[in-house]
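A.B. asks:
Residue numbers (the numbering used here): 339 to 709.
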């Protein structure tokens, strides 16, 4: 075990399709709400960017996660600890300001207007602010799929996940770069750079949002975005079924699959909503990688199974093999018509409040509730 950690007929005809019924439905329904809010971003009653606990949001308690057996686990406490000291001492919206971050400190002389986002969380944040980036990382799938592709259609790709095009960065003339803490240190020589633990893993998606907002000097609008999410979560926690069903999460990729555990984007949202995880996934870690179909019986079953499939023929073929396999048919969620097929660009790559709101849309739609 590794850690870091076309429709069928018959039984498969009972599968539920949530969220886009392949991807377009809810994306199109809410595109305007989340990607064009330069004048409609909710205002907050204060400037609180740190988020409330699931208990404070009205979620029922879930079992504490078990200890990971991985040699290099992504532990939630360890991931969160440094962020208690990151941020800025500047008053909201006031520049110049110094940002404390993963790789040291960065002085921002004025409010950034041309931002290069080399990690996914800032892309999500900029979309909510209605602020097109000056450049982004070339990543597939982009958060929110086709909707984000449209928003970013004219934005240059100035880096891959592993390499920076320094010339393209200079041409973009950024006054701020946000990048993963493991990114190329040359970035800091090109423009003021704030390094953060990438929201690509999803473990720190809320903290990455806060760092992005502080770097942009958008505390008031950022606090409004947090409040809006928390109000929706509170509302859903009042109407979701009690007791909550257990939810399992599988990501299908090219030739293999992953089980998402507690410490990732979707894991934190499910905990905010009080959904317990099956014992095999209720682990203080990121995910189990490169899992075979034979592990489905041990790791996948729950009251509800959520399956997110990456784009591409190989992932599609593996998905069909999984859905047609003997083990799949034995799972109780399959037998009880409780399988959700969801969009990987939202449930995996969303990693921000725009993506999180899409997930809430999907969950509300499945249970037939408002929230």
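Here a beta-carbon is modelled for each residue, glycine too, at the ideal position from N, C-alpha and C.
Here the structure is a predicted model, which is why all the values come from computation and not from measurement.
Which same chain residues, not among the five before or five after residue 459, have their C-beta less than 7 Å away from its C-beta?
C.D. replies: Excluding positions up to five away in sequence, the list reads 537, 543, 546, 547, 550, 689 and 690.
A.B. asks: Mind checking which residues open and close the alpha helix (DSSP H) that includes residue 549?
C.D. replies: Here the alpha helix (DSSP H) through residue 549 covers 543-554.
A.B. asks: Going straight from the alpha carbon of residue 607 to that of residue 405, what length do you get?
C.D. replies: The alpha-carbon atoms of residue 607 and residue 405 are separated by roughly 20 Å.
A.B. asks: Where does residue 488 sit, in a helix, a strand or coil, going by DSSP?
C.D. replies: In this structure, residue 488 counts as helix in the three-state DSSP scheme.
A.B. asks: Measure from the alpha carbon of residue 412 to the alpha carbon of each residue in 633, 586, 598 and 526, then state which is nearest.
C.D. replies: Of the listed residues, the one whose Cα sits closest to residue 412 is 598.
A.B. asks: So what's residue 628 in DSSP terms, helix, strand or just coil?
C.D. replies: If DSSP states are grouped into helix, strand and coil, residue 628 belongs with the strands.
A.B. asks: By the DSSP assignment, the alpha helix (DSSP H) with residue 560 in it spans what residues?
C.D. replies: Unbroken alpha helix (DSSP H) run through residue 560: 557-577.
A.B. asks: Could you check which residue in 596, 467, 555 and 585 has the C-alpha nearest to that of residue 563?
C.D. replies: Answer by Cα proximity: 467.
A.B. asks: Determine whether the beta carbon atoms of residue 434 and residue 513 lie at a separation below 7 Å.
C.D. replies: No, the pair does not count as a contact, with Cβ atoms beyond the cut-off.
A.B. asks: Assuming residue 403 and residue 621 form a contact by the criterion Cβ under 8 Å, report the distance between their Cβ atoms to the nearest whole angstrom.
C.D. replies: The pair is a contact, with the Cβ atoms about 6 Å apart (cut-off 8 Å).
A.B. asks: Going straight from the alpha carbon of residue 520 to that of residue 507, what length do you get?
C.D. replies: Looking at the two C-alpha atoms, the distance is approximately 18 Å.
A.B. asks: Express the C-alpha separation of residue 581 and residue 653 in angstroms, rounding to a whole number.
C.D. replies: C-alpha separation (whole angstroms): 34 Å.
A.B. asks: Classify residue 471: buried if its beta carbon has 16 or more other beta carbons within 10 angstroms, exposed otherwise.
C.D. replies: Per the 10 Å Cβ criterion, buried.
A.B. asks: By alpha-carbon positions, which one of 446, 525, 442 and 651 ends up nearest to residue 431?
C.D. replies: For the residues 446, 525, 442 and 651, the minimum Cα distance to residue 431 belongs to 446.
A.B. asks: According to DSSP, is residue 667 part of a helix, a strand, or is it coil?
C.D. replies: The answer is helix: DSSP assigns residue 667 an H, G or I state.
A.B. asks: Looking only at DSSP bridge pairs, what is residue 597 linked to?
C.D. replies: Its beta-bridge partners are 588 and 626.
A.B. asks: List in chain order: all unbroken alpha helix (DSSP H) runs of 4+ residues lying wholly within the stretch 386-427.
C.D. replies: Counting whole runs of 4 or more residues, the stretch 386-427 contains the alpha helix (DSSP H) stretches 414-418.
A.B. asks: Rounded to whole angstroms, what's the CA-CA distance from residue 629 to residue 429? Just pull it up for me.
C.D. replies: Roughly 48 Å between the two C-alpha positions.
A.B. asks: Need the endpoints of the beta strand (DSSP E) that residue 443 sits in, please.
C.D. replies: Looking at the DSSP string, the run of the beta strand (DSSP E) that includes residue 443 is 442-446.
A.B. asks: Are the CB atoms of residue 586 and residue 515 nearer to each other than 7 Å?
C.D. replies: No, they are not a contact pair.
A.B. asks: Is it a yes or a no for the stretch 634-643 touching the stretch 661-669, going by three-plus beta-carbon pairs under 8 Å?
C.D. replies: Verdict: yes, contact present.
A.B. asks: Short check: CB of residue 502 to CB of residue 476, under 7 Å?
C.D. replies: No.
A.B. asks: Less than 8 Å between C-beta atoms, sequence neighbours within five positions excluded: which residues of the same chain meet that for residue 417?
C.D. replies: The residues are 535, 541, 542 and 601.
A.B. asks: Using only the alpha-carbon positions, how far apart do residue 454 and residue 595 sit?
C.D. replies: The straight-line gap from Cα to Cα measures roughly 32 Å.
A.B. asks: In whole angstroms, give me the CA-to-CA distance for residue 613 and residue 661.
C.D. replies: Cα to Cα, the separation comes out at about 24 Å.
A.B. asks: Thinking C-beta only, is residue 698 closer than 7 Å to residue 570?
C.D. replies: Yes, the pair counts as a contact, with Cβ atoms nearer than the cut-off.
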